[in-house]
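Residue numbers (the working numbering), protein chains in the order written: chain L, 1 to 282; chain G, 1001 to 1359.
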């Protein structure tokens, strides 16, 4: 029974790993191929099956004048916009979530739960509905086709995620911990910073991950709200496509665009298991 | 430095959590708030701590309006019934937290924390994580954190209720020692509990609270001997005092066909609707007694609790030994009727064997 369990466990892990890793391996090998080796049947192993070359990667950094599609600037634009918008969303979202979790708000029939739902309802709307108002709004304040404009829009899109996750998290942090901090001489701000926040790291990380992922992969708003001055990575990658699909450079760009998410996931993973709240209340 | 409250009321919904509560607590004394769950004990303690603002009423401490002082400046300490500690800090840092908050010199902090650890018996645990401690140890840490502050008001909200029986006994003993050891000289200790036995053992001034209302105030012994009403008699006894509807006439108490001679302190009462109160420990098994039917027999520790029935009268008898009974068994019992209480129809005490009122 026990051996069977172990066997099944590892069997499942292996199958799942292959399932997850295979596309990456496929993209990796394809990125070193050219037109002939892509279309010359199924091949996997470089030097044996096909002759690798760096053309697919070089296109990504060559300037358009030399026949390339320069994704370096859009890449850093995307990094900057995503990180800034996520950071601001997390800060504002965490503060709002704490207030929604700990204080009672009432304006007519609107109560805490309604406010929390209002935040998340922003994500329920199809993006296309928001695109025209956003476009008009940004154009009226002269922020179309600018990094600042994109950051503003992304904060609007990402903050609800942060609020939603953190409200749920704070609701699980016993109020008595805040109260004890107050009794021990903290004012409400100190109680939040010194006691509640250090115990909320797992929640912050989850919220941060979601913000970064949703910000990083957004194509729609980046496409609608920018033209020539500023471009973000997803839009630029689409621009790679032409009459002959360049599988090699598409694969290469796919790999560089998931790289930040993979790195973040590896850094963050260890914190997720740490710092749970057991021991706060028994 | 007295803690004085006047007519505190708090009614967040349609039920009173506090209903016109007034008290006058003096420094150096232990006050026990006795009440069932949801009687407003925690609300009262939180109001004193400043975590809740009452709808009306006043609290004064040392002559100053306490309600105008925010929690973090009140210098109170509180131990919760849940074991509340800061999970991101180790034992030492947890206890040092309130001192660090006051920006006290690190060497002084070290000394005080070590003293506190010693007094709760946790020396050697200072680098442990909170999560690695048992429930009892966690509660000791939060006790140490509240002791280290030298707070003028120490609030203990059912601190032992979540511990197992043995630890509870042990910690209660340690509490008593701590309370008597000088700590109490300039501190107002307020201890809330649902447990009458705990109340009697702590032997302080007792405030009986029910549905947010103060029912009776007095020394533990007084509350036990002369509960001023049926409700207090129920709350201050575990199992609750048996209440029997009986008639007294011609020096005889009669109910369910049983007729016993009334003791002197009950003999003058003749009114209708009298209720006789008798503690479960004041009833004993006796071959020549009155016959009752067993409804349920539970064994708790070295004690047997017998739930008995005769006609419409149900009583609980506690016997200081482990006995086996079957449901529907017939047993014979005797009442120590000279220990009986009598209550008027409205629930007020009519007479007690310890000299209350008519006795």
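Even for Gly, the Cβ is constructed at its ideal location relative to N, Cα and C. Please read these numbers as outputs of a predicted model, since none were measured by experiment.
Residue i vs residue j beta-carbon contact at 7 Å
i: residue 1205 (chain G); j: residue 1031 (chain G); result: yes
i: residue 100 (chain L); j: residue 167 (chain L); result: yes
i: residue 1022 (chain G); j: residue 1085 (chain G); result: no
i: residue 1298 (chain G); j: residue 1186 (chain G); result: no
i: residue 1243 (chain G); j: residue 1283 (chain G); result: no
i: residue 1156 (chain G); j: residue 1191 (chain G); result: yes
i: residue 1347 (chain G); j: residue 1209 (chain G); result: no
i: residue 1207 (chain G); j: residue 1059 (chain G); result: no
Option nearest residue i by Cα separation, candidates the options
i: residue 238 (chain L); options: L:53, L:196, L:223 and L:230; result: L:223
i: residue 61 (chain L); options: L:178, L:72, L:51 and L:53; result: L:72
i: residue 1321 (chain G); options: G:1017, G:1315, G:1107 and G:1281; result: G:1281
i: residue 97 (chain L); options: L:197, L:245, L:242 and L:218; result: L:197
i: residue 270 (chain L); options: L:201, L:246 and L:40; result: L:201
i: residue 1073 (chain G); options: G:1054, G:1026 and G:1152; result: G:1152
i: residue 1340 (chain G); options: G:1353, G:1348 and G:1331; result: G:1353
i: residue 1139 (chain G); options: G:1163, G:1311 and G:1127; result: G:1163
i: residue 219 (chain L); options: L:82, L:163 and L:183; result: L:82
i: residue 159 (chain L); options: L:130, L:262 and L:91; result: L:91
i: residue 44 (chain L); options: L:54, L:31 and L:55; result: L:31
i: residue 217 (chain L); options: L:258, L:244, L:181 and L:53; result: L:258
i: residue 1287 (chain G); options: G:1331, G:1311 and G:1137; result: G:1331
i: residue 205 (chain L); options: L:41, L:141, L:46 and L:161; result: L:161
i: residue 1130 (chain G); options: G:1095, G:1277, G:1180 and G:1147; result: G:1095
i: residue 1213 (chain G); options: G:1088, G:1012 and G:1016; result: G:1016
i: residue 85 (chain L); options: L:8, L:247, L:268 and L:155; result: L:155
Which of helix, strand or coil DSSP assigns to residue i
i: residue 178 (chain L); result: helix
i: residue 1159 (chain G); result: coil
i: residue 241 (chain L); result: coil
i: residue 282 (chain L); result: Because the pLDDT of residue 282 (chain L) is 38, which lies under 50, any placement of that residue in the model is unreliable, and the number read from its coordinates should be weighed accordingly. Residue state, collapsed to three classes: coil.
i: residue 276 (chain L); result: Reliability fails at residue 276 (chain L), whose pLDDT of 48 lies under 50, so the model's placement of it is uncertain and the value that follows must be treated cautiously. DSSP places residue 276 (chain L) in coil when its eight states are reduced to three.
i: residue 1025 (chain G); result: strand
i: residue 1012 (chain G); result: coil
i: residue 1302 (chain G); result: coil
i: residue 1071 (chain G); result: helix
i: residue 50 (chain L); result: strand
i: residue 1355 (chain G); result: coil
i: residue 988 (chain G); result: Residue 988 (chain G) lies beyond the range of chain G shown here (1001 to 1359); nothing can be said about it.
i: residue 44 (chain L); result: coil
i: residue 206 (chain L); result: helix
i: residue 226 (chain L); result: coil
i: residue 197 (chain L); result: coil
i: residue 1108 (chain G); result: helix
i: residue 189 (chain L); result: helix
i: residue 1078 (chain G); result: strand
i: residue 1201 (chain G); result: helix
i: residue 120 (chain L); result: helix
i: residue 143 (chain L); result: coil
Residue i - containing beta strand (DSSP E), residue span
i: residue 1130 (chain G); result: Careful: residue 1130 (chain G) lies outside any beta strand (DSSP E) and carries neither H nor E.
i: residue 23 (chain L); result: Premise fails: residue 23 (chain L) lies in the alpha helix (DSSP H), 2-31, not in any beta strand (DSSP E).
i: residue 1330 (chain G); result: 1330-1335
i: residue 1217 (chain G); result: 1213-1219
i: residue 1249 (chain G); result: 1247-1249
i: residue 1190 (chain G); result: 1188-1193
i: residue 1252 (chain G); result: 1252-1255
i: residue 1061 (chain G); result: 1056-1061
i: residue 1030 (chain G); result: 1030-1034
i: residue 1275 (chain G); result: 1275-1278
Bounding residues of the alpha helix (DSSP H) (the contiguous stretch that carries residue i)
i: residue 1342 (chain G); result: That residue, residue 1342 (chain G), is in no alpha helix (DSSP H); its beta strand (DSSP E) goes 1341-1343.
i: residue 55 (chain L); result: 55-61
i: residue 172 (chain L); result: 147-172
i: residue 93 (chain L); result: 72-102
i: residue 1232 (chain G); result: 1230-1235
i: residue 1261 (chain G); result: Not the alpha helix (DSSP H): residue 1261 (chain G) falls in the beta strand (DSSP E), residues 1258-1261.
Inset, instruction - Mind checking the segment 98-128 of chain L against chain G and listing, in chain order, the residues whose C-beta falls within less than 8 Å of any C-beta there? - result: Result list empty, no residue passes.
Inset, instruction - Identify each residue in the segment 1062-1077 of chain G for which the Cβ-Cβ distance to at least one residue of chain L is less than 9 Å, and report them in chain order. - result: 1070, 1071, 1072, 1073, 1074, 1075, 1076 and 1077
Inset, instruction - With 7 Å as the C-beta to C-beta threshold (strictly closer), list the residues of the segment 1027-1053 of chain G near chain L in chain order. - result: 1049 and 1051
Inset, instruction - Using a Cβ-Cβ cut-off of less than 7 Å, list which residues of the segment 178-193 of chain L approach chain G; keep chain order. - result: 179, 180, 182, 183, 184, 185, 186 and 187
Legend entry - Members of the segment 1095-1106 of chain G that neighbour chain L once the beta carbon cut-off is set at 7 Å: Listed by position, the residues of the segment 1095-1106 of chain G near chain L (Cβ gap below 7 Å) are 1097, 1098, 1101 and 1102.
Legend entry - Residues within the segment 192-217 of chain L neighbouring chain G, beta-carbon criterion of under 9 Å: 194, 195, 198, 199 and 201
Legend entry - Contact set between the segment 1153-1175 of chain G and chain L, restricted to residues whose Cβ is under 8 Å from the partner: 1162
Inset, instruction - Could you please tell me which residues of the segment 1081-1094 of chain G, in chain order, have their CB closer than 8 Å to any CB of chain L? - result: 1082, 1083, 1084, 1085, 1086, 1087 and 1088
Legend entry - Near-chain G residues of the segment 165-177 of chain L (beta-carbon distance less than 8 Å), N- to C-terminal order: 174, 176 and 177
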